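Read the structure below first, then the notes.
Protein chains: 4
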Amino acid sequence: MEYNPAFISRSNFVKAAAIFSKPGKAELSRIAPQLIAWLRSRGYRVYVDRETQRYSEGDDTFDRVDMAAQKPQFVVVLGGDGTLLAAARAVSVAGIPVLGVNLGSLGFLTEVPLEELYSTLEALDRDRCTTETRSMLRCQLLRGGTAIATYDALNDVVVNKSAIARLANLDLYIDQEFVSSYKADGLIIATPTGSTAYSLSAGGPILTPLVDAFVITPVSAHSLAHRPLVVRDSVEVSVQVNTEEEEAYLSVDGQVGIRVVHGDRVTCRKSEHRVRLLRMQRTFFEVLRTKLKWGQT
Amino acid sequence: MEYNPAFISRSNFVKAAAIFSKPGKAELSRIAPQLIAWLRSRGYRVYVDRETQRYSEGDDTFDRVDMAAQKPQFVVVLGGDGTLLAAARAVSVAGIPVLGVNLGSLGFLTEVPLEELYSTLEALDRDRCTTETRSMLRCQLLRGGTAIATYDALNDVVVNKSAIARLANLDLYIDQEFVSSYKADGLIIATPTGSTAYSLSAGGPILTPLVDAFVITPVSAHSLAHRPLVVRDSVEVSVQVNTEEEEAYLSVDGQVGIRVVHGDRVTCRKSEHRVRLLRMQRTFFEVLRTKLKWGQT
Amino acid sequence: MEYNPAFISRSNFVKAAAIFSKPGKAELSRIAPQLIAWLRSRGYRVYVDRETQRYSEGDDTFDRVDMAAQKPQFVVVLGGDGTLLAAARAVSVAGIPVLGVNLGSLGFLTEVPLEELYSTLEALDRDRCTTETRSMLRCQLLRGGTAIATYDALNDVVVNKSAIARLANLDLYIDQEFVSSYKADGLIIATPTGSTAYSLSAGGPILTPLVDAFVITPVSAHSLAHRPLVVRDSVEVSVQVNTEEEEAYLSVDGQVGIRVVHGDRVTCRKSEHRVRLLRMQRTFFEVLRTKLKWGQT
Amino acid sequence: MEYNPAFISRSNFVKAAAIFSKPGKAELSRIAPQLIAWLRSRGYRVYVDRETQRYSEGDDTFDRVDMAAQKPQFVVVLGGDGTLLAAARAVSVAGIPVLGVNLGSLGFLTEVPLEELYSTLEALDRDRCTTETRSMLRCQLLRGGTAIATYDALNDVVVNKSAIARLANLDLYIDQEFVSSYKADGLIIATPTGSTAYSLSAGGPILTPLVDAFVITPVSAHSLAHRPLVVRDSVEVSVQVNTEEEEAYLSVDGQVGIRVVHGDRVTCRKSEHRVRLLRMQRTFFEVLRTKLKWGQT
Numbered sequence: 174m175e176y177n178p179a180f181i182s183r184s185n186f187v188k189a190a191a192i193f194s195k196p197g198k199a200e201l202s203r204i205a206p207q208l209i210a211w212l213r214s215r216g217y218r219v220y221v222d223r224e225t226q227r228y229s230e231g232d233d234t235f236d237r238v239d240m241a242a243q244k245p246q247f248v249v250v251l252g253g254d255g256t257l258l259a260a261a262r263a264v265s266v267a268g269i270p271v272l273g274v275n276l277g278s279l280g281f282l283t284e285v286p287l288e289e290l291y292s293t294l295e296a297l298d299r300d301r302c303t304t305e306t307r308s309m310l311r312c313q314l315l316r317g318g319t320a321i322a323t324y325d326a327l328n329d330v331v332v333n334k335s336a337i338a339r340l341a342n343l344d345l346y347i348d349q350e351f352v353s354s355y356k357a358d359g360l361i362i363a364t365p366t367g368s369t370a371y372s373l374s375a376g377g378p379i380l381t382p383l384v385d386a387f388v389i390t391p392v393s394a395h396s397l398a399h400r401p402l403v404v405r406d407s408v409e410v411s412v413q414v415n416t417e418e419e420e421a422y423l424s425v426d427g428q429v430g431i432r433v434v435h436g437d438r439v440t441c442r443k444s445e446h447r448v449r450l451l452r453m454q455r456t457f458f459e460v461l462r463t464k465l466k467w468g469q470t
Numbered sequence: 174m175e176y177n178p179a180f181i182s183r184s185n186f187v188k189a190a191a192i193f194s195k196p197g198k199a200e201l202s203r204i205a206p207q208l209i210a211w212l213r214s215r216g217y218r219v220y221v222d223r224e225t226q227r228y229s230e231g232d233d234t235f236d237r238v239d240m241a242a243q244k245p246q247f248v249v250v251l252g253g254d255g256t257l258l259a260a261a262r263a264v265s266v267a268g269i270p271v272l273g274v275n276l277g278s279l280g281f282l283t284e285v286p287l288e289e290l291y292s293t294l295e296a297l298d299r300d301r302c303t304t305e306t307r308s309m310l311r312c313q314l315l316r317g318g319t320a321i322a323t324y325d326a327l328n329d330v331v332v333n334k335s336a337i338a339r340l341a342n343l344d345l346y347i348d349q350e351f352v353s354s355y356k357a358d359g360l361i362i363a364t365p366t367g368s369t370a371y372s373l374s375a376g377g378p379i380l381t382p383l384v385d386a387f388v389i390t391p392v393s394a395h396s397l398a399h400r401p402l403v404v405r406d407s408v409e410v411s412v413q414v415n416t417e418e419e420e421a422y423l424s425v426d427g428q429v430g431i432r433v434v435h436g437d438r439v440t441c442r443k444s445e446h447r448v449r450l451l452r453m454q455r456t457f458f459e460v461l462r463t464k465l466k467w468g469q470t
Numbered sequence: 174m175e176y177n178p179a180f181i182s183r184s185n186f187v188k189a190a191a192i193f194s195k196p197g198k199a200e201l202s203r204i205a206p207q208l209i210a211w212l213r214s215r216g217y218r219v220y221v222d223r224e225t226q227r228y229s230e231g232d233d234t235f236d237r238v239d240m241a242a243q244k245p246q247f248v249v250v251l252g253g254d255g256t257l258l259a260a261a262r263a264v265s266v267a268g269i270p271v272l273g274v275n276l277g278s279l280g281f282l283t284e285v286p287l288e289e290l291y292s293t294l295e296a297l298d299r300d301r302c303t304t305e306t307r308s309m310l311r312c313q314l315l316r317g318g319t320a321i322a323t324y325d326a327l328n329d330v331v332v333n334k335s336a337i338a339r340l341a342n343l344d345l346y347i348d349q350e351f352v353s354s355y356k357a358d359g360l361i362i363a364t365p366t367g368s369t370a371y372s373l374s375a376g377g378p379i380l381t382p383l384v385d386a387f388v389i390t391p392v393s394a395h396s397l398a399h400r401p402l403v404v405r406d407s408v409e410v411s412v413q414v415n416t417e418e419e420e421a422y423l424s425v426d427g428q429v430g431i432r433v434v435h436g437d438r439v440t441c442r443k444s445e446h447r448v449r450l451l452r453m454q455r456t457f458f459e460v461l462r463t464k465l466k467w468g469q470t
Numbered sequence: 174m175e176y177n178p179a180f181i182s183r184s185n186f187v188k189a190a191a192i193f194s195k196p197g198k199a200e201l202s203r204i205a206p207q208l209i210a211w212l213r214s215r216g217y218r219v220y221v222d223r224e225t226q227r228y229s230e231g232d233d234t235f236d237r238v239d240m241a242a243q244k245p246q247f248v249v250v251l252g253g254d255g256t257l258l259a260a261a262r263a264v265s266v267a268g269i270p271v272l273g274v275n276l277g278s279l280g281f282l283t284e285v286p287l288e289e290l291y292s293t294l295e296a297l298d299r300d301r302c303t304t305e306t307r308s309m310l311r312c313q314l315l316r317g318g319t320a321i322a323t324y325d326a327l328n329d330v331v332v333n334k335s336a337i338a339r340l341a342n343l344d345l346y347i348d349q350e351f352v353s354s355y356k357a358d359g360l361i362i363a364t365p366t367g368s369t370a371y372s373l374s375a376g377g378p379i380l381t382p383l384v385d386a387f388v389i390t391p392v393s394a395h396s397l398a399h400r401p402l403v404v405r406d407s408v409e410v411s412v413q414v415n416t417e418e419e420e421a422y423l424s425v426d427g428q429v430g431i432r433v434v435h436g437d438r439v440t441c442r443k444s445e446h447r448v449r450l451l452r453m454q455r456t457f458f459e460v461l462r463t464k465l466k467w468g469q470t
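Chains as they are written, first to last, in the numbering used here: chain L, 174 to 470; chain G, 174 to 470; chain U, 174 to 470; chain E, 174 to 470.
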C-alpha cells in the first residue's frame, strides 16, 4: 500500500470500508447500524451508498458510481445478487474486493449468510480471506459505427425483443466472422459468473468460474438447431440488430435497459476490469448444490 | 344454405369468396388480380381486405373484423402464418373455412404453395376439399374481477415481461387450483395448433392437431424444474400477474399486445369458435417433416 | 394390536386385501406384520406376495401374477413407484384398486406416507376413499408380423439402444402413417402417468393424469429438431426397429427387458385395462410441487 | 492414371501417406485405387489399413494401431466421422495430421467432399494446407485404485447404463472435489471437438474448437436441475460408479465398450496427445451452419 498515514488529515482512520444495501429491506434498520459500528470499532472509516445512508449517521455517503474513488479496502454488500452486480460494476474499476452477504436465501454471488458476517469480517480484518477473481464483459453499443455507450457486465449482456414484438432478428459474429442469424426472443452473452443466471434459465450450460470462456445463449430461438455456444474469452462477440419494425433492447446485468434500432451493433470483449469476490469456505460446487437443490430427491 | 338466389339483387353472384393478403409483398400485384379474376370467372363474388384492395378493382372491401358478416363460402389467405392467424380469428365466429397459401416458405398453417393454388381452388369449387377443425382459446383479461377484454386465439395466449424487466412473477391456476408460481420471461398457453409456434421455441412439445389438450409452456423459467404442462382442453387455465413494479404484457397469437398490471388475471378456456382449415393432400406429419427438416442429416 | 387370532376362522372373512412389498427394505419387518394384524382385526383375509411373506405368518401367499385371481378389495403397496408399477400391472386386469405407501421419499404413485397409512385404511374401510383411474398402454412386440409378446404398461414403453451401441435407428408410425426416422438412444412412449417418470428426464412435458393422450419422447435424438410429440390416446403408435448391426431392447415400465432385432415392430395402443389408484387428499399438483421442488428458490 | 508403376522403386519414395477407409463402402473400389495411384504419382509411399488393402495392390498394409510407427506425412481418411475418430486415435501419438474426406454427407471432422480431394491434396503437397490442433481426453479406468485400462478420446468418454438397467448412479468429482451424484442414463465427458457429437444430442452446448475446456453432460438425468457443466481442461474429471446391481459401461469415442462395476472410477484429464486436422477453406462456423441447417427456415 503506497499511502502514507502521516498525510491522512481527515481523520485517524487508516482503513476504509464501504457498504451497499439492497433497497427496501426492513431488516437493514437493525443490520446496517450494527455493521457500521463494528467497522468503526475496528478503526475503519465507513462509506455508505444512498440506501445505507438511511440507516446510518455521520458516515460518508456517495453515489454508487463515485464510491470507487474513495478506495475502500473492501465493499460489503447487504442484499442479493442484484445489489452485488451493481456494486461490483461500480468498484471493479479500482479492483476493490466485494463481500456479498445475503439477506434471505443464498445467492450465487452473495454466499455469506448474515450469521457468518462478523466472523467473516474478523477473518478479513486479519487478512485471512481469499479473493476469487471473476472476468467481466466490456460491451459497446455501436450506432453508425460509433460507440454511443460502453458498459462492463459481471453477469451478462442481453439483446432482446420488446414485450409486444414477436421476435428479434439478430446476426451473430465471432471475431468479425458471421456465425448465424437468429430469430429469437433474444441473445445472451454471459461470463462464467453469469452462466448460472439468465443464461441457465434459457437453457445454457454452467461454466465453472475460472473457465476462460463466454457462453452465447439464444432465448426461445425459432430454429430448434440453435444451441448455446461456448467461445474463448479472447474473442470479440458481436450482435447486429436486424430487426426492422420491431423494438429491441440491450440490457446489462439485467439492470441497464437501452433501446436499440436496426443496424445497431453490440460488441462484447473481455473487460480489462475484473471483480474480486471475497470468499470464505464455500466452494462453487457447494453453492451450486444448494442453489440448484442437487441430490435432494 | 338458407339464402334464396331469387332475392339476390346486387348481382348474379351466388357464391362468394374473401381474400386476405400479407402487407407489403410485392408479388401480390401479380397474384391478387389473377386470383380475383379466376374467382369471378367461376361465378364468385369477391370480398377483399384493405391490403388486397390495393391490387383489385371494383371488389367489395371490408375491414378484417367485418368480413365474417359477408358470409363468404371460404377465405383465401395470401401470405404467411401471421396473416392466416388474423384472418382465422376474424372469420371463425361464422365458421367460414380458410385456405392458406404461402408466398414464400411453407407455413404450418399456410401449407398450399402458390403453384398449387388454382388446382386447390378447382378441387374446392367441386367440393373435393376437406376441412380440418382446429380448436381455439377464449382468453379473458380480468381486472378487479371484471372482464375488460376478450380474445380468441388460434395459436397462443402469452403473458410476458417487458424487455427491460428482469422477469415476471406469474401464478398458475388450473380449474381454480393453484399449481405453481413462476418467475420467468413469460407463460405461453397454446392450442395444439400453436404448439408448433412460440411454445416449440420455448421448449414445448408438439401436439398433433386433434389432441384435446392445451400446453402451458414457461419461457426461461427461473426454476429448472418448471416444465411444459399438458392439460385437458376442458379445464380453465388462469394466470395471475404478481409482478409488482415490473411491466408485463398479454399477447394473443403474437398480434395483440396489452399491458397488464399487478392483480390482473388472464383466464383461458376452450373457445366455442373453431377454425376450419381447408387442407389438400399434405398431412400434419408431412408438414412437420418439411418445416422441421426431420430426416435431413 | 388387540385382536385375538384364535377367534378368526377363514370363513369369517368377507373382505380381502393384498400386500405387495419392495424387496430388501429392513423396516418391513416392523411394518408388514403390523399392517397384516390391522387388516385381520378389521376382518380382512390377507394375501401377500413372496416378498411380504417373509414378514408374515399363515397368510396366503401368491406370486404377483396370480394375485388378481384372488380378487382382493384392494392392494396395499409398501415401497416405491417401482413396486407399485409391478403390482398395478398384476391386478389391473381385475380392476382392483391400489394404495401406494412410500417407505422413504414421496413417489408420484406412492403418495401416502407411512404415518398416514392407518388413517387412510380407516377411510378406505368406510368407503371414503376415491379412486383415480389411470390409462395404460397395451404394447405388442411383432416379429415377422406375429405378436410374440404382449404387455400392459402404466408408465411407459421404451425401445432403446444397448449400452455399447452408438445409437438406435427407429421409425415411428402413427396409425400406420410414417412420421419420422429417429437416430437416438431410444424412443419412449408414455402415458400421462409415465410423463413424470423417464420421459420427463428425457425432456418430455408433464401430462396431467386425465389428458387423453400419450407422449412420444426421443432420448438424445441425433437431430436437434426431434421433439416430444403428444398424440391422442386413440391412435396406434408403432416403432419399427431399423437397427441392423446394433442391439436394441424393449422395456416396459422399466422392468421388463427383451432384446429386439432388425425388422421388429413395437405397437402401442391404449389398453382395455386401467389402474385404479386409491387417493386421499393430495392432488396431482401438490405431488408435483413436492416432487419437483417447485417454488423452493 | 498416367504414371507407370514399373518405374517406381521403393527407394525412390521420400514421402509417405497413409489411407484409412470406412468398411463396407462400395464406392471405395473406385476411389481407393485412384487415390493410391495419385499419391504414388507424386512420389508418396502409400500405407493402407486392412480395409483399404482390399482395394489396393502392392501397398504396405498395417493394422490401425501400428500405422503411427510408419510415420507417414499425413493420413487420408475415406469415410465418416467414425472412421476419422479411430484413425485419429491411432496416429495422434506421432502427431501425424489427418485429412478427413467424407463419402456421403458432410461430417464435423470429415469436411472435405470427394470432389475436392485432389485439389486439397495438391495444396497439401505444396504445403499450403493449415492444420488445426484438437485436444484429446486421456481416460483411465481405475479398479481398486489400479489403472486397468487407458484410452485417448478425441470426442468423448461416456459412462452409461446398460439397455435393461433403469439408470446408473454416478458420482462426479472435479479435482477430487465431490460435485454431485447423478441418477441418469449416463454421463458424457466431451472435448470441444466432441461437443457437437453425442453431448449435443444429450442437450450439451457447442464449444468452439479452441476453447480450453471440457463439457460434462448428463444423459436423461433424473433431477431436472442437473445441467451440462463446462470446466477448464486443466482439471481432472472423475466419475465414480455407484451402481450396485445394475450394469454400466464405459465407452470411448463411441467405439470401445467396456463393462464397469460398482466402485470403479473413470478419470479424465487432458491428454498429452493432440490430433492435427488438415483443414482447407471451411471454417468451423461454416460446417456448423451446414450440419445443423442453421438459417434454412
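Glycine is no exception: its CB is placed at the ideal position from the N, C-alpha and C atoms. Remember, it's a predicted structure, so these values are computed and weren't measured experimentally.
When C-beta atoms of the stretch 347-362 of chain L are compared with those of the stretch 444-453 of chain L, fewer than three pairs fall below 8 Å, so the two segments do not count as touching. Three or more beta-carbon pairs drawn from the stretch 327-344 of chain L and the stretch 417-425 of chain L are found closer than 8 Å, and the two stretches are therefore classed as touching.
Against chain L, a Cβ distance below 9 Å from residue 400(U) picks out 397. For residue 296(L), there are no neighbours in chain G by C-beta distance under 9 Å, as the nearest C-beta there is about 32 Å away. Here residue 204(U) carries a helix assignment [DSSP, helix/strand/coil].
The C-beta of residue 466(L) has 16 or more other C-beta atoms within 10 Å across all chains shown, which makes the residue buried.
The closest CA to that of residue 430(U), considering only 326(U), 272(U), 191(U) and 396(U), is found on 326(U). Per DSSP, reduced to three states, the secondary structure at residue 367(G) is helical.
With a threshold of 8 Å between beta carbons, residue 456(L) makes contact with chain E.
In the DSSP assignment, the residues bridged to residue 308(E) are 447(E). Residue 391(E) and residue 330(L) have their C-alpha atoms spaced approximately 27 Å apart. Taking C-beta atoms under 8 Å as the contact rule, residue 372(G) and residue 388(G) qualify, at a distance of about 6 Å. The shortest C-alpha to C-alpha distance from residue 190(E) to any of 300(E), 321(E), 227(E) and 248(E) is the one to 248(E). By a beta-carbon distance limit of 8 Å, residue 273(E) contacts residue 257(E). Their separation comes to about 5 Å. The beta carbon of residue 265(E) sits closer than 7 Å to the beta carbons of 309, 325, 446, 447 and 448 from its chain, once the five residues preceding and following it are set aside; these are given in chain order. About 5 Å separates the beta carbon of residue 323(E) from that of residue 313(E), a gap short enough to meet the 8 Å contact definition. Apart from the 5 residues on each side of it in sequence, residue 395(E) sits with its Cβ closer than 7 Å to the Cβ of 340, 356 and 357 in its chain, given in chain order. For secondary structure counted as the beta strand (DSSP E) over 3 or more consecutive residues, the stretch 380-421 of chain E holds these complete runs in sequence order: 386-392, 402-405 and 410-414.
Taking 7 Å as the cut-off between beta carbons, none of the residues of the stretch 435-446 of chain E comes near chain L. For residue 329(U), the pairing in a beta bridge is given by DSSP as 363(U). A direct Cα-Cα distance of roughly 11 Å separates residue 255(U) from residue 262(U). Straight-line spacing of the CA atoms in residue 451(E) and residue 210(E) works out to 21 Å. When rounded, the separation of the alpha-carbon atoms in residue 381(G) and residue 369(G) is 9 Å.
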